[in-house]
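Residues in the sequence shown are numbered consecutively from 1, following this note's numbering.
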Amino acid sequence: MADAISTSSEGSQEFKKSNGKQYTESVGMFQNLVTLRNQDGDFQIPEKWRTPLKLLGGLIVLIIIVILVWAELTERATHLGHRTYEDGCSRRYFGEDSFVCVCNGSYCDEIRPIGHLERNEAIVYETSAAESRLRRLFHRFQDERPENEHVIRVDLANPKHSILGFGGTLTDSAYFNLVKYTNLTNLLLNQFFGERGIKYNMLKVPAGSTEFSEECYTYNDKSFDYGLRTFSLENDSKVPFIKDILALNNDIKLLATGYSAPGWMKNSHKILGPGELKGSPQDIYYSLYTEYLIRYLEQTRTLGLNFWGISPLNEPLTSLTANDTASPRMAMSSDNLRQFINDVFGPSLKGNKLTKDVNIVFHEDAKNSLLGNVNTLYQDGSAFIDGFSVHSNFLNSNKSVNNLIQTHNFQPDKFILSTESVHRGSVSQGSWKYAADYASDIISSLNHYVNGYIDYNLALNEEGGPSLNRQTASASIIVNSHNAAEFYKQPSYYAIGHFSHFIPPGSKVLPIAIRNNEDESVVYTPGPIECLAVRTPEMNVVLILHNIEDRVHALTIDASTQKTKRFLNVGMAPKSIRTVVWRVEAE
Numbered sequence: 001m002a003d004a005i006s007t008s009s010e011g012s013q014e015f016k017k018s019n020g021k022q023y024t025e026s027v028g029m030f031q032n033l034v035t036l037r038n039q040d041g042d043f044q045i046p047e048k049w050r051t052p053l054k055l056l057g058g059l060i061v062l063i064i065i066v067i068l069v070w071a072e073l074t075e076r077a078t079h080l081g082h083r084t085y086e087d088g089c090s091r092r093y094f095g096e097d098s099f100v101c102v103c104n105g106s107y108c109d110e111i112r113p114i115g116h117l118e119r120n121e122a123i124v125y126e127t128s129a130a131e132s133r134l135r136r137l138f139h140r141f142q143d144e145r146p147e148n149e150h151v152i153r154v155d156l157a158n159p160k161h162s163i164l165g166f167g168g169t170l171t172d173s174a175y176f177n178l179v180k181y182t183n184l185t186n187l188l189l190n191q192f193f194g195e196r197g198i199k200y201n202m203l204k205v206p207a208g209s210t211e212f213s214e215e216c217y218t219y220n221d222k223s224f225d226y227g228l229r230t231f232s233l234e235n236d237s238k239v240p241f242i243k244d245i246l247a248l249n250n251d252i253k254l255l256a257t258g259y260s261a262p263g264w265m266k267n268s269h270k271i272l273g274p275g276e277l278k279g280s281p282q283d284i285y286y287s288l289y290t291e292y293l294i295r296y297l298e299q300t301r302t303l304g305l306n307f308w309g310i311s312p313l314n315e316p317l318t319s320l321t322a323n324d325t326a327s328p329r330m331a332m333s334s335d336n337l338r339q340f341i342n343d344v345f346g347p348s349l350k351g352n353k354l355t356k357d358v359n360i361v362f363h364e365d366a367k368n369s370l371l372g373n374v375n376t377l378y379q380d381g382s383a384f385i386d387g388f389s390v391h392s393n394f395l396n397s398n399k400s401v402n403n404l405i406q407t408h409n410f411q412p413d414k415f416i417l418s419t420e421s422v423h424r425g426s427v428s429q430g431s432w433k434y435a436a437d438y439a440s441d442i443i444s445s446l447n448h449y450v451n452g453y454i455d456y457n458l459a460l461n462e463e464g465g466p467s468l469n470r471q472t473a474s475a476s477i478i479v480n481s482h483n484a485a486e487f488y489k490q491p492s493y494y495a496i497g498h499f500s501h502f503i504p505p506g507s508k509v510l511p512i513a514i515r516n517n518e519d520e521s522v523v524y525t526p527g528p529i530e531c532l533a534v535r536t537p538e539m540n541v542v543l544i545l546h547n548i549e550d551r552v553h554a555l556t557i558d559a560s561t562q563k564t565k566r567f568l569n570v571g572m573a574p575k576s577i578r579t580v581v582w583r584v585e586a587e
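Shown next, in the form of structure tokens:
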């Protein structure tokens, strides 16, 4: 059944074909009512009964036709009024406050396309803790403003920063779950990168092992190989697999990230645990690590992978005080980072004809330390960087939000990416709290100058792994390690999809005004209804609404222009997310 409404002649012919049999049978029944046959031949009904029976037969035929037409139009989901589509989720509960959607070789739910939008129409996608998963609904604008408790108005005249995109991280563990431990690789990839999935267009790729690997390795583990003659990608199975992902979307931005230098380059002599590069930024080991990362970009290029950006080191400041000895890490102070980026790594990368166009992404650490690290980096007046990256802890304190704002104001021409979000510890299959955390974090981040959002592991198993030393975390998709033909889409998958599926690259974030219906003063608050609005390159408005409370809220969206009054009545179920899409009305 087509998703959009069909009023074409082709649709009419399809209706006649599909219902012709029933119509013929109905006419036959009517004829048998007015002419009765027996063994001796035709028996004619008395004249006085013929007219009433003809009327009765005609009425029956009319009723049948009306029922068939009503059923067909219902199935075709007309735009008359307000039509709800079922979300298609095959539910399973694991004792949490919500449920997962089960996918297997024979069935997996999909996101229904927006379709064609008329000027007075809006399409709404809804996910809630209790019921739906990206369920699609049609709404019509009305001329009069409903008397609801909240009125939301989007400011189309003052667009802010652009969106680069959304994505996830291809750790070794994610690769194993997407390829080695499942029979559904193509189906899994389509959930992330396909048109009916959440349409990721960014992919973070660790250069070497992370805590989410089955074994610890770098690309040059032979000790004291100062010429990097034994450098090899052979141990990294995920690198060639990236081409399978690019086959679904060749426009994916690839972001490489270093986690640790080979152990022999570090003062700890180990890949695992913090440690620092030996010596100072003027010594050989900083140059060796630079050459190591450039070699990675060069060799992946020969495999057909052109990286859009690189973060030279993951969580360098956090690693200074980390007690974690079970993960590949490397520490570096802000001052050493400044010298490393500006004097060694930046000039080498930008001076190489094969890597000169690769974006250097700086910080790759907590939001709280961003501004101080950036200020140190620019002590010399300029820096060899193209953008900044931060990690999320889902708290969004005033300090972390202010750091984003001040960093943007200090360097407005540099992009900011959120490149790691993860719930460590319990997998919690079916957790709505995890979904709500993602929705709140994305809304807060993108409203405060973040240009792109990248989740951590694409997929893990039901134990939150595999990983080094049994470290565990949740992921938006959980693969059943005991049944290779089944996986589960978490509530967080749909929460992220409310943004990533509907906000294409190049979209502009828009200011929003929220006020109470009784109070004409304009107020913006982050809750209980959190909001994000963008204008897409196709000139649609996409408004994401997140109800963080366990009660219903009634909203009015005011999309009026100087020429026309347009209002949309939207109800927010308890603990729910809605994405509302409508066309920009020309002034």
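For glycine and all other residues, C-beta sits at the position ideal for the given N, C-alpha and C.
No experiment lies behind these values; they were computed from the predicted model shown.
- One alpha carbon belongs to Glu-463, the other to Thr-472, and they sit about 7 Å apart.
- Asn-201 is a Cβ neighbour of Gly-167, given a cutoff of 8 Å.
- Pairing Pro-537 with Cys-89, the inter-Cα distance amounts to about 30 Å.
- DSSP places Val-61 within a helical segment (H, G or I) once states are collapsed to three.
- Just so you know, the alpha carbons of Ser-428 and Ser-474 end up roughly 7 Å apart.
- If you look at Leu-297, you'll find it isn't in any beta strand (DSSP E); it sits in the alpha helix (DSSP H) that goes 284-302.
- Taking 8 Å as the cut-off, the Cβ atoms of Val-479 and Ala-495 do not count as close.
- Residues Gly-571, Met-572, Ala-573 and Pro-574 of the same chain have their beta carbon placed closer than 8 Å to that of Val-552, with the five preceding and five following residues left out of the count.
- Here the C-alpha atom of Val-450 lies approximately 6 Å from the C-alpha atom of Leu-417.
- Going by beta carbons, Pro-505 and Leu-164 fall inside the 8 Å limit.
- If one requires a minimum length of 3 residues, the beta strand (DSSP E) runs lying completely within the stretch 340-412 are 359-366 and 387-392, in chain order.
- Inter-residue distance for Asn-569 and Lys-160 is about 26 Å (C-alpha atoms, whole angstroms).
- Within the same chain, Cβ atoms closer than 7 Å to the Cβ of Asp-335 are found at Thr-376, the five residues on either side in sequence being excluded.
- Taking each of Thr-230, Asn-323 and Phe-340 in turn and checking the Cα distance to Lys-278, the smallest one comes out for Phe-340.
- By alpha-carbon distance to Leu-233, the top candidate from Leu-187, Ile-245, Asn-267 and Leu-297 is Leu-297.
- Judged by DSSP secondary structure, Trp-582 falls within the beta strand (DSSP E) whose first and last residues are 576-583.
- When only Cα atoms are considered, Glu-364 and Val-374 end up about 11 Å apart.
- Taken in chain order, the whole beta strand (DSSP E) runs of length 3 or more contained in the stretch 466-520 are 477-479, 486-489, 508-510 and 512-516.
- In terms of CA proximity to Ile-529, Ile-557 leads the group Val-541, Ile-557 and Ser-507.
- Taking 8 Å as the cut-off, the beta carbon of Ser-260 is found no closer than this to the beta carbon of Ile-252.
- Counting along the chain, Tyr-456 sits inside no alpha helix (DSSP H); it lies in the beta strand (DSSP E) bounded by residues 452-457.
- Your pair Asn-457 and Thr-185 does not check out as a contact, with CB atoms roughly 16 Å apart and the cut at 8 Å.
- Taking all protein chains shown into account, Thr-171 has 16 or more neighbouring C-beta atoms within 10 Å of its C-beta and is therefore buried.
- Under the three-state reduction of DSSP output, Met-202 falls in the strand class.
- Contact annotation: Leu-510 and Asp-155 have beta-carbon atoms nearer than 8 Å.
- Counted as a single uninterrupted DSSP element, the alpha helix (DSSP H) harbouring Lys-433 occupies residues 432-447.
- By the beta-carbon neighbour count (other beta carbons within 10 angstroms, threshold 16), Pro-240 is exposed.
- The Cβ-Cβ distance between Thr-579 and His-498 falls below 8 Å.
- Spatial neighbours of Pro-281 in its own chain (CB-CB distance under 7 Å, excluding positions within 5 residues in sequence) are listed in chain order as Asn-336, Gln-339, Phe-340, Asp-343 and Val-344.
- Per DSSP, the continuous alpha helix (DSSP H) segment holding Lys-238 begins and ends at 238-246.
- Around the beta-carbon of Asp-380, fewer than 16 other beta-carbon atoms lie within 10 Å, marking it exposed.
- Going by DSSP, Thr-556 is part of the beta strand (DSSP E) stretching over 553-558.
- With a contact defined as Cβ atoms closer than 8 Å, Ile-111 and Gly-208 miss out at about 34 Å.
- In the DSSP assignment, Ala-129 falls outside any alpha helix (DSSP H) and carries neither an H nor an E.
- The bridge partners DSSP lists for His-546 are Glu-530 and Ile-577.
- Membership of Ala-261 in any beta strand (DSSP E) is not indicated, and neither H nor E is assigned to it by DSSP.
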